[in-house]
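See structure below.
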Amino acid sequence: MNSQFQSLQLSLIHAGYAELDSNWNFDNVISTFSRLYLITEGEAYVYFKNHKIKLLPGNMYLVPSFTYSSYKCDVSHHQYYVTFFETLGQDLSVFNIVDFKYAVNATAMDKAYFDRLLELNRGRSLINNNPENYDNYASLLAFQKLNEDISVEKLLETQGILKVLLSRFIIKKSELKNTNKIKLNGVLNYISKHLHENLRVSELASFCNLTTDHFSRSFKASFGLRPNRYIQLQRIERAQALLVATNNSLETIAETVGFGNASYFSRTFKELCNKTPHQFRKENSLHT
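6 is the number of the first residue of the sequence shown in this note's numbering; add one for each residue after it.
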């Protein structure tokens, strides 16, 4: 069963240590790469996948790739950070094959691994920690090219450390997920990237090189719901992140996540969450 992981490749992008303040406040973040944090001082928040996570000293955190997220720091915090690409064969992601948790207690060895990554990969720190400045094609290409310039032994050690750190988040007794889900992994990433658009099932089927009927049946068999329902649920999840981490109006949030209007968004939210968007925001907002 573990043979699939022989092809797992982790490619470092950024690595550094930062002392951050209330300017570390970003919404609408979705990246093709994953993030690891180890907090040493202060506190901050990350919201994603219906999780409101308080970043605290002595803990390590994982934000998987293609995860819609928001970040907020009220006063200050210090963090080690690492970002990396992960590949597991064509259009596959390790996050859709095994189950991960998102927070673990950091050990002295974890901190040593972060220090070693920084030592091995000098010049990888972020000059500006706003995702708009580093999460773009030109910047990612420039940082990734640095992997070609370091020695083979440093490259292999870097990849090994990344795998060790990532392994810390695998849930014990986690089993490989349904292989049909693995085959459809690429379309899940596509939906995540284009969620704000008018997604059609025929478009998703074409992306998978399948007929519309075949795609719909395969999707339902793998995930237990129709593609349109999955899209609807993903839009609600993204809306929850915006309700929690921003003060945006319902009209703006509805448009941002791909709902036609605020009224339809509110009805759907109430149906799926058993509470109105206003109630959800009041109970969970990071701004209170």
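No residue lacks a Cβ here, since even glycine has one placed at the ideal position from N, Cα and C. Small disclaimer: the values here were computed from a predicted structure and weren't measured.
{"Query": "With 16 other CB atoms within 10 Å as the buried threshold, where does D154 fall?", "Result": "exposed"}
{"Query": "Enumerate in chain order the residues of its own chain whose CB-to-CB distance from T293 is below 6 Å, with the five nearest sequence positions on each side excluded.", "Result": "For T293, the predicted model reports a pLDDT of 48, less than 50, meaning its position is unreliable and no value from the coordinates is stated."}
{"Query": "What is the DSSP secondary structure of E208, counted as helix, strand or coil?", "Result": "helix"}
{"Query": "Please list the terminal residues of the continuous beta strand (DSSP E) segment that includes I258.", "Result": "Taken as a continuous stretch (DSSP letters only), I258 belongs to no beta strand (DSSP E), being part of the alpha helix (DSSP H) at L255 to V262."}
{"Query": "How close, in whole Å, do the beta carbons of S197 and Y66 come, if the pair is a contact with beta carbons under 8 Å?", "Result": "So it is not a contact: roughly 20 Å between Cβ atoms."}
{"Query": "Can you name the start and end residues of the beta strand (DSSP E) that I176 belongs to?", "Result": "No beta strand (DSSP E) contains I176, which DSSP labels as neither H nor E."}
{"Query": "According to DSSP, simplified to helix, strand and coil, what is G165?", "Result": "helix"}
{"Query": "Just tell me which of L277, L209 and Q245 has its CA closest to the CA of P232.", "Result": "L209"}
{"Query": "Which whole runs of the beta strand (DSSP E) in the segment 100-162 are 3 residues long or more, in chain order?", "Result": "108-110"}
{"Query": "Quick one: what does DSSP say K2 is sitting in, helix, strand or coil?", "Result": "Past the edges of the chain, shown from 6 to 293, lies residue 2, and the structure says nothing about it."}
{"Query": "How would you label L270, buried or exposed, when you count the other beta carbons within 10 angstroms and need 16 or more for buried?", "Result": "In the sequence under discussion, the amino acid at residue 270 is Phe, which differs from the Leu named in the question. Flag for F270 reads buried."}
{"Query": "What ranges does the beta strand (DSSP E) occupy inside the segment 49-90, keeping only unbroken runs of at least 3 residues that lie completely in it?", "Result": "49-53, 56-60, 64-68 and 74-77"}
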